[in-house]
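Sequential numbering of the first sequence, starting at 3, is according to the numbering used here.
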Amino acid sequence: MDFNKIEQKWQEYWTKNKVFAAQNGSKNPPYYILVEFPYPSGKGLHVGHVRSYTAQDALARMKRMQGYNVLYPMGWDAFGAPAEEYAIKNHVHPKEAVKRNIATFKKQMETLGFSFDWDREFSTTDPEYYKWTQWQFLQFYKHGMAYKATMPVNWCENCKTVLSNEDAAGGVCERCGSPVVQKEKSQWMLRMSDYAEDLLTGLQDTNFAEKVKLGQINWIGKSTGAHVTFKVADTDYDFTVFTTRCDTLFGATYCVLAPEHELVDQITTPDKKEAVAAYKKACALKNERERTELSKEKTGVFIGAYAINPVNNAKIPIYISDYVLATYGTGAIMAVPAHDERDYEFAQKFNIPIIQVLEEETGEKKSNETKKNSIVAVVYDEKNDKYLTLNWHELGGRLFIGGTIGENETALACAQREIQEETGYDHLELVSELPKINHHYYAYNKDKYFNIESTGFLFKLKDNHQAKMSLEDDEKFDIEWVDKKRIEKEVQDALHSKTFTYALNPGAMVGDGLHINSDFLNGLNKEEAINKMLEWLENNHCGSKQVNYKMRDWIFSRQRFWGEPIPMVNCPKCGWVPLKEEDLPLLLPDVAEYEPTDNGESPLAKITDWVNTTCPKCGGPAKRETDTMPNWAGSSWYFLRFMDPHNSDAFASMEAMKYWQKVDWYNGGMEHTARHLLYARFWVQFLYNIGLVPNKEMIWTRVSHGMVLGSNNEKMSKSKGNVINPDDIVQEYGADVLRIYEMFMGDYEQDAPWNTDSLRGCKRFVDRIIRLKDKVKDEENISASLENIIHKTIKKVETDLQTMRYNTAVSALMILTNEMESAKEITKGDYKILLTLLNPLAPHITEELNEQLGYEPICLSPWPKYDEAKTVDEEITIGVQVNGKLRGDITITPNMSNDEILTLAKNNDNVQKYLTDKEIIKTIVIPQKIVNIVIK
RNA sequence: GCCCAAGUGGCGGAAUAGGUAGACGCACAGGACUUAAAAUCCUGCGGGUGUAAUAACCCGUGCCGGUUCAAGUCCGGCCUUGGGCACCA
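What follows is the structure in structure tokens.
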């Protein structure tokens, strides 16, 4: 019988006997294995799907044999844009296309032998399912978690349509290439930001992979800081900024409001109105992506008004700029150019003063220090690309020019004087004054500790003119011009090398240090100063501690046809009114045209007899909401429905959910670990808070698989011609071979390229297992010579399947097969175990061979048990090292003492060569691993 | 720019708690079987020195340092590739 027939035979057997049906309430321990349900696209199943479904299938099959009541369900996430695009082009109802695609997907899954419980299948597009999605939306609404807000959408003027972020990539409409603009639209929102903290802490109740947790944490984006309120000078207005660095408040030299900030129009002075309006208009034309992409150069305008810095009453100008986002924090910032990169860039461009309030500390602090102020001057000769240094040799190595600032002398004058005195150069151009540095050092010639505040300067040499030098007796150095490389290598002094770094990389100093120019914060470090400033702000009622999250509320409206209708009605008298729960589902009507309307409404808006309805509250005429829900909605709770898929009274009964508890293993793509998972967790936490699910987190472990790439190591795509169709592989090699290959191809969590040669190797492996049957003798017991390797392999396969190390599980089975091949003959008992261990990966051929032995089906048999004692080798070979280098090996038994092992090691011929005439200073014996003899 | 992951033979990849690097498979080469091919089986397979052949030795897990009796594995600093986020104050 050929393999396609065999596979079909067993698939029919499984279906007919409902072998994989999960039992709600079964006494067997529940085990819920979930793979992300696919979007049934027209392209059919991808070999990437096969990889993750096989992996979870293998786990499911093993767990069933181990006595678990396994739930391994499958369904369809079938709402979404592609089906709608297809419908627009071909004038068929999306549900027809979806029906066809689902049939194809299901057929493909069946030929691959996945052990899904098909009795629990559903699609998010089934009215019986989306009824509950709508019902849950109503719960959000009733608990004040859903609201309408005006939000910008991506809008194409040419196509007159709303675009998703994906379709608006690069600020250009994907269809027609014209620029995408932002258009304000009233949209449904879910108050997800209320859950930011809970979504963060909830991670502790999960077993997600560390990188998955990290993805969630980054997306939530918690940051702790402060709100500070600034009065607008000469008005009664004030505004509040959010900052994580309230310790730098003394360095604030201007403020920036987002162009959309509500205060802008009120406080702009008349002479600036025109410029402000123009700037605001320019910003509105850009979408968010464009605004950030064109961010190389800062833009903005001064609006004529000034803010009063609450700590020192300084009057500082207010600007608007699109580098401040209206949607984050308060939409307003205080700008501290000395200590923030963006503010620095802006201040440079607009010539705004920069006040340093934090200086970096170098050297080692001592108690008995003498304080002084000094300079370090870097002089650059552009013509020769060299820097002026003094080589003090053993007295201090290579340094720049330094010196102490005299009384009544400015730092700049000091720098110029020192350069002239020590090198003579006096035709210099000041390039920049560098941030001050707080430096501790010990002066040998004076035998004293100093703490200096050093101001750095960068000069350019105008020409080589040198005046007369005036050196003191103890100043013995050579004047040397050297290049950047040598400076980086040879200037060792912390102060001087730091100064050089500042000279080379002008910009804000964002690190920690000591506060200066900051009144009551002077001398404190960042953390101390933040705490002290928070205290000050609260005492003076102009600020407080504040936490912000990057995560925003969930925009829940889509101006699309193919999604769940939002069950809300707008009544001229009553406002927004929810549908009555008993009137759900609100069905999607059948229409002929799926194009969005000219004004960006969903196609539903055109169906007047659907739109026009009566108000559920007052009975008067009203209109339905025509936006639909996003694709993420249906997938936010589908794992709950699988627990109780046929329930018509509830989305799932509490009883069923309490039985299954949590999804034990949830597998999906890395691309979904941030958003989908976050939405699903938010949805569940909300349901938990209103008492509808038993746990705050319903997913325990989340794992993600790597992609299957084309043989050229690139993502599979039609245009690259590297797509592998699983159907073709099943036809030619069989589902079992494909399954084994995809598990063997590499680390499950890592991407792996397709390789047909390697697939053929797996085919050979299966053929060898079939041929092994010819050596089977009619005995049930396990061969003594194979006992050890069999027990080892059971253990290996069992642990590997539970820890996603599928590739090494296959490898272990290949090793066992090799052993059995080299044995003269094997027993039925040996063979049966091999078949059972391989069954989760290759369920068809193993069942067939097993049946030929006369046994009952493997899927109804228990998983073999291993005996730990029998996995231990009777003798093993370990290496012997001399001074860490391998010099020989010895064979030992597990019960040998360390002394015996050592004697054996020393007697090894090759080891002896190294030991003669040497003194052994140490010996290390690691049981079962290695011996190392250290000699002198 | 920031965060994360990875870098091991010709290739995919092993090495689970710092302990013989290269399991297993592919490709390749030689041989057996065959009229021949396919299939199958056997042998070899990181680089080098060396030997008639063994033996033995040296180098070797992206690069440079460090810790250790011992480093693919731990620490510090780089480089490269992939992924995510990106003016988040």
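Ideal Cβ positions, reconstructed from N, Cα and C, are used throughout, including at glycine.
Go ahead and pull the three-state DSSP assignment for residue i.
i, result
"Gly670", "strand"
"Asp592", "coil"
"Cys544", "coil"
"Lys924", "strand"
"Cys158", "strand"
"Glu700", "In the sequence as displayed, the identity of residue 700 is Met instead of Glu. In the structure shown, Met700 sits in coil (DSSP, three-state: anything other than H, G, I, E or B)."
"Cys257", "strand"
"Ala235", "coil"
"Ala844", "coil"
"Asp646", "coil"
"Leu341", "The question names Leu, but residue 341 is His in the sequence shown. His341: helix per DSSP, three-state reduction."
"Gln494", "coil"
"His678", "helix"
"Met898", "coil"
"Trp634", "helix"
"Val913", "helix"
"Tyr640", "helix"
"Lys777", "helix"
"Asp240", "strand"
"Val665", "strand"
Note down, in chain order, each residue of its chain lying with its Cβ closer than 6 angstroms to the Cβ of residue i, except the 5 sequence neighbours on either side.
i, result
"Tyr681", "Trp634 and Ser638"
"Ser520", "Phe252 and Val359"
"Arg400", "Thr391, Asn393, Glu492 and Val493"
"Pro312", "Cys544"
"Glu362", "Ile439 and Gly515"
"Thr893", "Glu877 and Thr879"
Ends of the alpha helix (DSSP H) at residue i?
i, result
"Cys764", "Thr758 to Leu774"
"Asp802", "Ala786 to Gln804"
"Trp16", "Phe5 to Asn19"
"Pro84", "Ala83 to Asn92"
"Asp383", "That residue, Asp383, is in no alpha helix (DSSP H); its beta strand (DSSP E) goes Glu371 to Asp383."
"Met64", "Val49 to Met67"
"Ile1", "A question about residue 1 goes unanswered here, because the residues of the chain that appear run from 3 up to 938."
"Thr135", "Pro129 to Lys144"
"Ala814", "Tyr808 to Ser824"
"Gln268", "Val266 to Ile269"
"Glu199", "Ala198 to Thr203"
Contact check, residue i vs residue j under 8 angstroms by CB: the rounded distance?
i, j, result
"Ala198", "Tyr750", "Between Tyr750 and Ala198 the Cβ distance is about 32 angstroms, and since that is not below 8 angstroms, they are no contact."
"Leu855", "Lys834", "6 angstroms"
"Phe81", "Gly565", "5 angstroms"
"Ala624", "Thr616", "6 angstroms"
"Asn885", "Ile937", "6 angstroms"
"Gly223", "Glu343", "Actually they are not in contact, since the Cβ atoms of Gly223 and Glu343 sit about 18 angstroms apart, beyond 8 angstroms."
CB-CB under 8 angstroms to residue i, same chain, minus the five flanking residues each way: which ones, in chain order?
i, result
"Lys450", "Thr372 and Tyr444"
"His93", "Ala594"
"Ile772", "Ile847 and Leu851"
"Met816", "Phe767"
"Arg66", "Phe22, Val72, Ser117 and Cys861"
Where do the ends of the beta strand (DSSP E) carrying residue i lie?
i, result
"Ala99", "Run containing Ala99: none in the beta strand (DSSP E); it sits in the alpha helix (DSSP H), Pro96 to Thr113."
"Thr838", "Segment Lys830 to Leu840 is the alpha helix (DSSP H) holding Thr838; no beta strand (DSSP E) there."
"Arg889", "Lys887 to Ile894"
"Thr364", "Leu360 to Thr364"
"Leu216", "Element bounds for Leu216: not the beta strand (DSSP E) but the alpha helix (DSSP H), Glu212 to Ile222."
"Thr879", "Ile878 to Val884"
"Trp483", "Asp480 to Val484"
"Gln468", "Element bounds for Gln468: n/a, residue is neither H nor E."
"Lys438", "Leu430 to Ala445"
Between residue i and the rest of its own chain, which residues show a CB-CB distance below 7 angstroms, the 5 nearest in sequence each way excluded?
i, result
"Leu200", "Strictly speaking, residue 200 in this sequence is Asp, with Leu absent from that position. Closer than 7 angstroms at Cβ, skipping near neighbours: Gln687."
"Lys794", "Thr873"
For a test of your reading of the model: does the CB of residue i fall under 7 angstroms from any non-hydrogen atom of the ligand MN? Yes or no.
i, result
"Lys487", "For the structure depicted, the ligand MN is absent and the ligand set is empty, with no information on it obtainable."
(Q) In chain order, what are the residue ranges of uninterrupted beta strand (DSSP E) at least 3 long that sit wholly in the region 496-584? (A) 545-551, 570-573 and 577-580
Q) Along the chain, which unbroken stretches of the beta strand (DSSP E) at least 3 residues long are found entirely within the region 386-425? A) 388-393 and 403-406
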